[in-house]
């Protein structure tokens, strides 16, 4: 690109010199046709050089954008990451760029490793817990009651990503401490060493139990959402009751019609209760 800019500047300088020469010839020598030919030839040449350079730089920039988009998409598909939900879109892209070999060393302003968790670096039990949490969140996001905005928007749009991020970072810390415990127990284990390691292991176990409880809380919320979805499907099926009332009316079944109407009223309350319980379960996720 620097070479192209140099050529363009050289062309402009040459054109300026020719313009000065042409004006001098016009003033002192003439005729106009000769001067015009002298001016037009380098002008056209300069325009071709500059146009080619601009076109080449635009093509290079477009190709670089296409290549970067492909590389980022490859990172998304091959590197399992949990990112801090507080990251901006630009910062998220910078995190992805850190996993592109040709760009990895040229990201001085990229968010630090503490702003994302690489799932493959977690222990197998930690990965299993994270997958359970992700599945619960995915269940909520894919639900009908979520799409219809019947749930607490704060719980879904703010608390759930925050919960998932906190769980991921805790699992990362636990993995590092578990590896530390494993290294410390290599070789001869003395009573003095155990006196140090056992309380640490107990603290680690308590932390694992607490994170497991948080994951179970997400799963309970997801279950409530599924129940609300089931009630919503029942409510939609209730819209078909007119067909069944018509059938009962045709058969002169008055008692059946009353029972169907009463069932419909009860189902309305069931739906309202299920959505209400799902909202309450989501609110318990708040710290």
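Residue numbers (the numbering used here): -15 to 271. Using N, Cα and C, we set each Cβ at its ideal position, and we do this for glycine too. Since we're looking at a predicted model, the values are computed, not measured.
Grab the span of the alpha helix (DSSP H) containing residue 79 for me, first residue to last.
It spans 73 to 81 - the alpha helix (DSSP H) in which residue 79 sits, taken as one unbroken run.
Is the distance from the Cβ of residue 102 to the Cβ of residue 63 below 9 angstroms?
In contact: residue 102 and residue 63 (Cβ atoms closer than 9 angstroms).
Let's see if you can read the secondary structure: which residues bound the alpha helix (DSSP H) around residue 143?
From DSSP, residue 143 is part of no alpha helix (DSSP H); its letter is neither H nor E.
Residue 213 versus 47, 124, 89, residue with shortest Cα-Cα distance
With respect to the C-alpha of residue 213, the residue from 47, 124, 89 having the closest C-alpha is 124.
Go ahead and pull the three-state DSSP assignment for residue 172.
Note: residue 172 maps to coil in three-state DSSP.
Leaving out the 5 sequence neighbours to the left and right, which residues in its chain are closer than 6 angstroms to residue 188 when beta-carbon positions are compared?
Once the five neighbours on either side are set aside, the close Cβ partners of residue 188 are 161.
Helix, strand or coil at residue 188 according to DSSP, with G and I counted as helix
Residue state, collapsed to three classes: helix.
Using 8 angstroms as the cut-off, can you tell me whether the region 79 to 87 makes contact with the region 125 to 133, which would need three or more C-beta pairs spanning the two stretches below that distance?
Per the Cβ contact rule, the region 79 to 87 is not in contact with the region 125 to 133 (fewer than 3 Cβ pairs under 8 angstroms).
For residue 95, does the count of other Cβ atoms within 10 angstroms reach 16, so buried, or fall short, so exposed?
Residue 95 is buried by the Cβ-count criterion.
What first and last residue would you give for the beta strand (DSSP E) that runs through residue 101?
That run of the beta strand (DSSP E) goes 100 to 102.
What whole-angstrom Cβ distance do residue 117 and residue 202 have, given they're in contact under 8 angstroms?
Contact flag correct, Cβ pair sits at about 5 angstroms.
Start and end residues, alpha helix (DSSP H) containing residue 129:
Unbroken alpha helix (DSSP H) run through residue 129: 128 to 131.
Does the distance from the C-beta atom of residue 121 to that of residue 148 stay below 9 angstroms?
For residue 121 and residue 148, yes; Cβs fall inside 9 angstroms.
So what does residue 33 bridge to, in DSSP terms?
By DSSP's assignment, residue 33 forms no beta bridge with any residue.
When burial is assigned at 16 or more other CB atoms within 10 Å of the CB, is residue 206 buried or exposed?
Note on residue 206: 16 or more other CB atoms within 10 angstroms of its CB, so buried under the neighbour-count rule.
Going by DSSP, which residues form a beta bridge with residue 59?
Its beta-bridge partners do not exist; DSSP assigns none.
Nearest-angstrom Cβ-Cβ length linking residue 196 and residue 144, presumed shorter than 8 angstroms
With 8 angstroms as the limit, residue 196 and residue 144 do not qualify as a contact, their Cβ atoms being about 18 angstroms apart.
Whole angstroms is fine: what's the gap from residue 216's alpha carbon to residue 129's?
Cα to Cα, residue 216 sits roughly 8 angstroms from residue 129.
Where does residue 240 sit, in a helix, a strand or coil, going by DSSP?
Only weak support is given to the placement of residue 240: the predicted model assigns it a pLDDT of 46, under 50, and the question is left unresolved by the model.
Based on the DSSP secondary-structure assignment, which residues constitute the bridge partners of residue 65?
Beta-bridge partners of residue 65 (DSSP): 102.
Consult DSSP for residue 122 and reduce its assignment to one of helix, strand or coil.
If DSSP states are grouped into helix, strand and coil, residue 122 belongs with the helices.
So what does DSSP say about residue 107, is it helix, strand or coil?
In the structure shown, residue 107 falls within a coil segment according to DSSP collapsed to helix, strand and coil.
Option in 108, 66, 72, 109 with minimal Cα separation from residue 97:
Put simply, of 108, 66, 72, 109 the residue whose alpha carbon is nearest the alpha carbon of residue 97 is 66.
Do you know offhand how far residue 241's Cα is from residue 190's?
Confidence in residue 241 is poor, its pLDDT being 44 and thus under 50, which makes the residue's placement unreliable; the coordinate value appears in the next sentence. Taking the straight line from one Cα to the other gives about 58 angstroms.
Restricting to Cα atoms, I'd like to know which of 176, 184, 36 is closest to residue 158.
Residue 184 is the option with its Cα nearest to residue 158.
Quick check: what's the CA-CA separation for residue 170 versus residue 99?
Pairing residue 170 with residue 99, the inter-Cα distance amounts to about 32 angstroms.
Where residue 247 falls: helix, strand or coil (DSSP):
Residue placement at residue 247 cannot be trusted, given a pLDDT of 49 that sits under 50; the coordinates are not used to answer.
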